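For reference, the structure discussed in these notes is given below.
Protein chains: 2
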Amino acid sequence: MNIAIVGFGNVGRAAYEAVQAAGDMTVACVVGSPRRAAPDYVKDIWVTGVENVHAHGKVDCALLCLPTRACPAAAETLLTMGVNTVDSYDIHESIWDVRCQLDSVAKQHGASAIVAAGWDPGSDSVVRALMQAIVPRGITYTNFGPGMSMGHSVAAKAIAGVANALSITLPTGAGVHRRMVYVELQPGATLEQVTRDLKADAYFAKDDTHVMQVDDIAALQDVGHGVQMTRKGASGAAHNQQLEFSMRINNPALTSQIMAACARACAKQAPGAYTMIEVPVANLLPGTLEGNVRGLV
Amino acid sequence: MNIAIVGFGNVGRAAYEAVQAAGDMTVACVVGSPRRAAPDYVKDIWVTGVENVHAHGKVDCALLCLPTRACPAAAETLLTMGVNTVDSYDIHESIWDVRCQLDSVAKQHGASAIVAAGWDPGSDSVVRALMQAIVPRGITYTNFGPGMSMGHSVAAKAIAGVANALSITLPTGAGVHRRMVYVELQPGATLEQVTRDLKADAYFAKDDTHVMQVDDIAALQDVGHGVQMTRKGASGAAHNQQLEFSMRINNPALTSQIMAACARACAKQAPGAYTMIEVPVANLLPGTLEGNVRGLV
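Chains as they are written, first to last, in my numbering: chain A, 162 to 458; chain B, 162 to 458.
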């Protein structure tokens with residue numbers, strides 16, 4: 162499979178590595194930002210603009226490693242060109258709408274798309290759906306962290322007086338989270354004012370939020386993250402069924418690896434758009450179905 | 162959906178409860194053994210012989226709660242009648258062959274079958290395949306227990322001098338297990354001789370096996386079981402990705418609940434036979450796809 166990496170930030174660079182490490186796919190091109198120079202190691206396959214995706218050979222599937230809100234439009238353009246797409250669109254409440262929008266474009270052009278293909282939404286969604294199916298009554302808690310939240314870090318950076326910020330998500334159990342926000346202040350800003358404004362922001366207002374001043378955000382950077390999902394409930398007449406799934410992972414590496422796996426699913430699914438719970442897990446794997454059933458079932 | 166419960170042992174009785182608890186299915190009949198009397202609460206829907214499955218109304222799907230080796234033949238008969246089937250066939254090395262055998266029968270008769278639909282093989286297989294897809298290099302360990310192993314208990318009962326037996330599987334880590342075997346002895350048998358013969362049996366020869374004499378096996382009975390699966394490996398260029406899935410569950414209740422969920426998948430899949438890794442998890446759930454994507458993705 163010839164893969165295009167669209168966007169070359171944390172996730173895009175990790176996607177390049179995931180595709181390089183896979184035996185059944187090749188990076189055909191990197192679609193980079195016109196405002197950035199191509200790093201040396203991808204200079205020969207660098208293009209700008211998704212419409213130029215075939216410049217270095219016909220692309221089968223594009224991994225959209227773009228800011229979430231830029232994904233649906235890029236996917237539409239590529240699907241219209243007949244190129245399969247995988248995105249890790251992560252605004253939970255709009256996933257269904259984006260899936261339906263891309264589904265009709267994909268079907269019109271004989272292509273397929275996997276939407277919301279990361280770890281949450283994504284592989285966690287598969288485990289949540291499986292837990293729900295096998296223990297149908299009960300409560301699932303998804304506990305994130307400890308790890309850096311991109312969305313909350315960006316929201317913290319937007320507060321007046323903040324020069325740079327890093328927001329760590331800490332799980333406190335039962336799906337409730339604490340936010341530890343580290344800030345570099347701009348000259349003249351006070352921690353008191355920044356703390357007050359940040360705690361009033363919609364991103365933080367509902368959570369236990371702690372704001373701390375540091376000299377150098379870069380010294381705190383770590384892309385490790387984690388999740389623990391628990392479900393306790395009843396199967397048939399039997400109560401107290403206890404399930405747990407947890408991960409401690411490099412975030413962009415896992416996200417992009419899942420996207421690469423979904424490129425395989427695109428090649429196997431009928432034209433249309435799908436979330437990961439609509440795709441058989443066997444379709445994410447390299448190798449033959451027989452080999453995978455013999456080895457994994 | 163009208164469901165037939167085929168076999169009425171531990172799993173069959175639990176399947177009855179799982180179907181009763183589901184809002185979208187009804188027990189149409191129980192196919193019982195001709196050697197056993199029908200329990201009062203299912204007397205009115207009791208039949209013998211899978212060919213009589215439609216005696217109390219047309220059946221959509223049959224849950225085969227039979228000894229593993231009896232499943233393929235019963236599935237063939239039912240699929241030939243156009244009835245979907247779900248089994249929890251659990252001999253790992255023959256699953257692919259059974260799946261292929263049933264696949265052609267199912268396709269010929271416009272029916273569908275889910276094969277090996279329990280928790281291992283079954284839901285664990287889905288998680289194993291997902292772990293493999295998202296962390297492609299590394300090792301997965303499946304650690305079973307503590308809980309009763311049916312297969313090992315039956316093997317222990319077959320040893321000369323054993324009146325009754327119960328074999329508990331204990332995980333000792335990295336996919337290695339210890340067997341704790343409790344035996345009631347027949348008059349004249351010695352624990353020394355039974356221990357020697359049992360440890361030489363193929364079921365036990367490779368594991369650390371402890372044999373203990375008890376007066377009453379029935380006093381030890383508990384259908385609780387568990388599993389812990391771990392995978393540590395690399396996604397792209399990032400090593401030390403750590404994943405874990407664990408359950409502490411009532412074994413027949415979980416097995417039969419998974420079978421009931423797979424009855425839904427049968428209704429949604431194209432004719433053919435499938436293992437659970439070939440089925441989207443969304444197809445296991447009641448409700449609409451939109452509702453499930455909005456609620457679980």
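No residue lacks a Cβ here, since even glycine has one placed at the ideal position from N, Cα and C. Only a predicted model underlies this, so the values are computations on that prediction, with no experimental measurement involved.
Between A:His-313 and A:Ser-328, how many whole angstroms is the CB-CB distance? I'm expecting something under 8 Å. Residue 313 of chain A sits at position 152 when you count from the first residue of the first sequence. Residue 328 of chain A sits at position 167 when you count from the first residue of the first sequence. Right, the Cβ-Cβ distance comes to about 4 Å (below 8 Å), so this counts as a contact.
9 Å Cβ cutoff met for A:Ala-175 and B:Ala-398: Sequence index remark: in the first sequence, residue 175 of chain A carries index 14 (1-based). Sequence index remark: in the second sequence, residue 398 of chain B carries index 237 (1-based). Yes, the Cβ-Cβ distance between A:Ala-175 and B:Ala-398 is below 9 Å.
From A:Tyr-250 to B:Glu-178, what distance separates their C-alpha atoms? Taking the first sequence and counting its residues from 1, the one referred to as residue 250 of chain A is at position 89. Taking the second sequence and counting its residues from 1, the one referred to as residue 178 of chain B is at position 17. Distance between the alpha carbons of A:Tyr-250 and B:Glu-178: 39 Å.
List the endpoints of the continuous alpha helix (DSSP H) containing A:Met-242. One-based indexing of the first sequence puts residue 242 of chain A at position 81. Here A:Met-242 belongs to no alpha helix (DSSP H), and DSSP marks it neither H nor E.
Buried or exposed: where does A:Glu-254 fall if 16 or more other Cβ atoms within 10 Å of its Cβ makes it buried? Residue mapping note: residue 254 of chain A aligns to position 93 of the first sequence, counting from 1. Exposed.
Whether or not the region 346-360 of chain B and the region 316-335 of chain B are in contact is what I'm after, with contact meaning three or more pairs of Cβ atoms, one per stretch, closer than 8 Å; do they touch? yes
Run the CB neighbour count on A:Trp-236, radius 10 Å, all protein chains shown included, and call it buried at 16 or more, exposed below. As a first step, residue 236 of chain A must be located in the first sequence, where it is residue number 75. For the sequence presented, residue 236 of chain A should be read as Ala rather than Trp. Label assigned to A:Ala-236: buried.
Hey, out of A:Lys-393, A:Asp-369, A:Arg-425, A:His-386, whose CA is closest to A:Ala-414's CA? For the purposes of this step, residue 414 of chain A is taken as residue 253 along the first sequence, with counting starting at 1. Here the closest residue by C-alpha is A:His-386.
Just the C-alpha distance for A:Gly-170 and A:Ala-428, rounded to the nearest angstrom, thanks. As a working mapping, residue 170 of chain A is identified with position 9 in the first sequence. As a working mapping, residue 428 of chain A is identified with position 267 in the first sequence. Rounded to the nearest angstrom, the two C-alpha atoms are 25 Å apart.
Which residues in chain A have a C-beta closer than 9 Å to the C-beta of B:Ile-521? List them in chain order. Summary: the structure shown does not reach residue 521 of chain B, with chain B confined to residues 162 through 458, and so no result is reported for it.
Any chance the region 198-205 of chain B sits against the region 260-273 of chain B, with 3 or more Cβ pairs inside 8 Å? no
Run through chain A and tell me which residues come within less than 9 Å of B:Phe-406, C-beta to C-beta. Your numbering for residue 406 of chain B matches position 245 in the second sequence. Per Cβ cutoff of 9 Å: Val-288, Leu-404, Glu-405, Phe-406, Ser-407.
If the cut is a Cβ gap below 7 Å, which residues of chain A does B:Pro-441 touch? Within the second sequence, residue 441 of chain B is the residue found at index 280, counting from 1. What B:Pro-441 touches in chain A: Ile-438, Glu-439, Val-440, Pro-441.
Taking 9 Å as the threshold (beta carbon to beta carbon), is B:Ala-399 in contact with chain A? Reading the second sequence from its first residue, position 238 is the one you call residue 399 of chain B. Chain A, which has a Cβ nearer than 9 Å to the Cβ of B:Ala-399, makes this yes.
Suppose you measure from the CA of B:Arg-409 to the CA of B:Thr-229; what does that come to, to the nearest Å? As a first step, residue 409 of chain B must be located in the second sequence, where it is residue number 248. As a first step, residue 229 of chain B must be located in the second sequence, where it is residue number 68. Spanning the two alpha carbons is a distance of roughly 23 Å.
Expressed to the nearest angstrom, what Euclidean distance is found between the alpha-carbon atoms of A:Gln-430 and A:Ile-206? Your numbering for residue 430 of chain A matches position 269 in the first sequence. Your numbering for residue 206 of chain A matches position 45 in the first sequence. Roughly 28 Å separates the two Cα atoms.
Coarse secondary structure for A:Lys-393, derived from DSSP in three states: The sequence position of residue 393 of chain A within the first sequence is 232, counting from 1. A:Lys-393 falls in the strand class under three-state DSSP.
For B:Val-244 versus B:Ala-272, is the C-beta spacing smaller than 9 Å? Mapped onto the second sequence, residue 244 of chain B falls at position 83. Mapped onto the second sequence, residue 272 of chain B falls at position 111. Contact flag set, yes.
Alpha helix (DSSP H) segments (min. 4 residues) lying fully within the region 223-286 of chain A: 232-241, 256-269
Nearest residue (CA-CA) to B:Phe-406, options A:Ala-335, A:Thr-449, A:Ser-284: One-based indexing of the second sequence puts residue 406 of chain B at position 245. Ranking A:Ala-335, A:Thr-449, A:Ser-284 by Cα distance to B:Phe-406 puts A:Ser-284 first.
Is the distance from the Cβ of B:Thr-391 to the Cβ of B:Leu-404 below 9 Å? One-based indexing of the second sequence puts residue 391 of chain B at position 230. One-based indexing of the second sequence puts residue 404 of chain B at position 243. For B:Thr-391 and B:Leu-404, yes; Cβs fall inside 9 Å.
Where does B:Met-341 sit, in a helix, a strand or coil, going by DSSP? To locate residue 341 of chain B, count along the second sequence from 1; it is residue 180. Of the three classes helix, strand and coil, the one that applies to B:Met-341 here is strand, per DSSP.
Contact under 9 Å by Cβ, B:Gln-374 with B:Leu-331: Within the second sequence, residue 374 of chain B is the residue found at index 213, counting from 1. Within the second sequence, residue 331 of chain B is the residue found at index 170, counting from 1. No. Outside cutoff.
Contained alpha helix (DSSP H) runs [length at least 4] in the region 320-388 of chain A, N- to C-terminal order: 352-361
Considering only their Cβ atoms, is the gap separating B:Ala-424 from B:Met-242 smaller than 9 Å? Indexing the second sequence from 1 puts residue 242 of chain B at position 81. Indexing the second sequence from 1 puts residue 424 of chain B at position 263. No, the pair does not count as a contact, with Cβ atoms beyond the cut-off.
Assuming A:His-247 contacts A:Leu-225 under a Cβ cut-off of 8 Å, what Cβ separation, rounded to an integer in Å, is found between them? Residue mapping note: residue 247 of chain A aligns to position 86 of the first sequence, counting from 1. Residue mapping note: residue 225 of chain A aligns to position 64 of the first sequence, counting from 1. It should be pointed out that residue 247 of chain A corresponds to Val in this sequence rather than to His. Confirmed, Cβ separation roughly 7 Å.
A:Thr-370, buried or exposed, once every other Cβ within 10 Å from all chains shown has been counted against 16: Translated into positions along the first sequence, residue 370 of chain A becomes position 209. Per the 10 Å Cβ criterion, buried.
Classify A:Ser-286: buried if its beta carbon has 16 or more other beta carbons within 10 angstroms, exposed otherwise. Within the first sequence, the letter at position 125 stands for residue 286 of chain A. A:Ser-286 comes out buried.
When the Cα atoms are used, what is the spatial distance from A:Thr-351 to A:Val-323? Residue numbering aside, residue 351 of chain A sits at position 190 when the first sequence is read from its first letter. Residue numbering aside, residue 323 of chain A sits at position 162 when the first sequence is read from its first letter. So the two alpha carbons sit approximately 9 Å from each other.
Chain A beta carbons: is any one of them nearer than 9 Å to that of B:Leu-224? Stepping through the second sequence from its first residue, residue 224 of chain B is reached at position 63. So, not an interface residue.
Cα-Cα separation, B:Ala-421 to B:Pro-282: Here residue 421 of chain B refers to the residue found at position 260 of the second sequence. Here residue 282 of chain B refers to the residue found at position 121 of the second sequence. Using only the alpha carbons, I get a separation of about 15 Å.
Interface flag, B:Arg-455 vs chain A, CB-CB below 9 Å: The residue labelled residue 455 of chain B in the question sits at position 294 within the second sequence. So, interface residue.
Is there a Cβ of chain B sitting closer than 9 Å to that of A:Gln-181, yes or no? Here residue 181 of chain A is taken as the residue at index 20 of the first sequence, counted from 1. Closer than 9 Å: yes.
Reduced DSSP secondary structure (H/G/I, E/B, other) of A:Leu-415: By 1-based counting over the first sequence, the position of residue 415 of chain A is 254. In this structure, A:Leu-415 counts as helix in the three-state DSSP scheme.
Does DSSP put B:His-400 in a helix, a strand or coil? Here residue 400 of chain B is taken as the residue at index 239 of the second sequence, counted from 1. Strand at B:His-400.
State buried or exposed for A:Ala-443, treating a residue as buried only when at least 16 other CB atoms are found within 10 Å of its CB. Here residue 443 of chain A refers to the residue found at position 282 of the first sequence. Buried.
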